[in-house]
Each structure stands twice: as structure tokens, then as C-alpha cells.
Amino acid sequence: MQLNLLSCSAQRPDKRAIANCLTEFATNGNQSLANELTDLFLEGDVIDIEVNDGNSGSALRAFRKLYIDYEIVE
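-10 is the number of the first residue of the sequence shown in my numbering; add one for each residue after it.
What follows is the structure, given as C-alpha cells:
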């Protein structure tokens, strides 16, 4: 499943939690890339990630818990 992470509406976004979430759920996730993507995301860029279909429900719940707005591309 393809996701676009659009924005984070949390007053104080938890950068480490977002990076860990990206590492855990993105198909090509590694910590270094997740940290870079998190920085770009928190600066206002839209991030495109791919999530395994088996983890999609957990990923969507985790993103909602972090107040991340997303759209499902596929």
C-alpha cells in the first residue's frame, strides 16, 4: 500500500517516534533514511512511503496516534 504522509497536527511532534514508525512500517525502512524523511516531513514536505499490506492496519493506527494526516494512494 502506498501512503502519502501530508502533515502532522501535533503541537509538539515526537520526531523520534515518527522516525521509529517509518523504520518499522516502511518496506525499505532503515533508521538513517527514516531520520532524513522525518526531518523533511516536519519541515512541511509530503513523504511517499510504501507499507506492507500485512502491516497496513497497524501503520495507519500508529500514524493516527502521532497525529499524522495521510492519504492512501493505492
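The beta-carbon is built from N, C-alpha and C at its ideal position, and this holds for glycine as well.
Model, not experiment: these values are computed from the prediction.
Would residue i pass as an interface residue toward chain D - the criterion being a Cβ-Cβ separation below 8 Å?
i: GLN0; result: Any reference to chain D falls outside this structure, which holds one protein chain only.
Considering only residues of the same chain and omitting the five flanking positions on each side of residue i, which have a CB-CB separation below 6 Å?
i: ALA23; result: ALA8, LEU11 and THR12
i: ASN44; result: PHE14
i: ILE57; result: LEU(-6) and CYS(-3)
Taking residue i as the reference, give the member of the options with the closest Cα.
i: ALA(-1); options: PHE30, SER45 and GLY46; result: PHE30
i: GLY33; options: MET(-10), SER(-4), GLN(-9) and LEU(-8); result: SER(-4)
i: GLY18; options: ARG5, ILE38 and ARG1; result: ILE38
i: ARG5; options: GLN(-9), THR16, GLN20 and ASN(-7); result: GLN20
Need the endpoints of the beta strand (DSSP E) that residue i sits in, please.
i: ASN(-7); result: -9 to -3
How would you call residue i, buried or exposed, if buried means at least 16 neighbouring beta carbons within 10 angstroms?
i: VAL40; result: buried
i: ILE61; result: exposed
i: THR16; result: exposed
For residue i, which three-state DSSP category applies?
i: ASP3; result: coil
i: GLU60; result: strand
Locate the alpha helix (DSSP H) running through residue i, then write down its first and last residues.
i: GLU39; result: GLU39 -> not in any alpha helix (DSSP H); beta strand (DSSP E) instead, spanning 36 to 39.
i: ASP28; result: 20 to 31
Leaving out five residues before and five after residue i in sequence, what residues of the same chain have Cβ atoms less than 8 Å from its Cβ?
i: ASP42; result: MET(-10)
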